[in-house]
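A short worksheet on the structure shown next.
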Amino acid sequence: MYDEICCDAPLPDGLDAKGTIFQTKSFPDAYGARYTISDGGRVLDARGVDMEVDGYISFYANKDVWREYQAYFRDGNLDRIAVVTDELTKGWHFGVAKCRISQVPSAIFDTPTETEACSQDEVLQRAYSVFGDTTRARAWMETPIQALDGHPPINLCASLEGRRRVIATLKKIEGGDFS
């Protein structure tokens, strides 16, 4: 299961995030809640209650291309948002945001089950291990692949059968079969 984040604060790569629903697993006990990073730099729950976040929140979406960010907060205030890189988290002590937890029911529709969400993460982790580099793995996940009938692997990860096909293709690549 994951939570959702809307980001009204400007993103460092210039993406217009209005209307984009990002996913996150940074909050403890994710249950499908929706949060907003306000343009004022605060994290608000669905009722508009300030979550007083301290640490960082990772969030990601596939809007034309895979995008992943980390928003850093000190004493509830947004310090900065950065595009994810391997060196990004040095000097930050919290991998999961510490915050007040709201128990508001979610207004989310079409949320994958916990098993499906974990499976999607496992596919991405498999791609990272096969290609040895997050940039190459993400590029492969977004590129139409002949062995997958011309579909980008990321598009197939929404279904169990699609994830199985992507994993099978990754196993072939790992074994040296690039057909």
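Start counting the sequence shown at 209; every next residue gets the next number (the working numbering). For glycine and all other residues, C-beta sits at the position ideal for the given N, C-alpha and C.
inquiry  = Which of the three DSSP states is assigned to I381 in this structure?
reply    = helix
request  = Tell whether a beta-carbon distance below 9 Å holds between P360 and E350.
outcome  = yes
query = Terminal residues of the continuous beta strand (DSSP E) containing R232?
reply = Residue identity check: residue 232 is Thr in the sequence provided, not Arg. Looking at the DSSP string, the run of the beta strand (DSSP E) that includes T232 is 230-232.
message = Assess contact between the segment 242-256 and the segment 212-221, defined as three or more Cβ pairs (one per stretch) separated by less than 8 Å. Is contact present?
response = yes
inquiry  = Going by DSSP in three states, T343 sits in which element: helix, strand or coil?
reply    = helix
inquiry  = By DSSP's criteria, R371 is part of a beta bridge. Which residues make up the other side?
reply    = Paired residue(s): none; R371 is not in a bridge.
request  = Look at the alpha carbon of K271 and the alpha carbon of T343, and state the distance between them as a whole number of angstroms.
outcome  = 17 Å
query = Closest by CA to A269, which one among D237, Q278, G263, V257?
reply = Q278
Secondary structure of Y210, DSSP reduced to three states = coil
task = State the beta-bridge partners of L286 as determined by DSSP.
result = F281
key: DSSP-derived helix/strand/coil call for E260   = coil
query = Shortest alpha-carbon distance to S234 belongs to which of R346, G383, V261?
reply = V261
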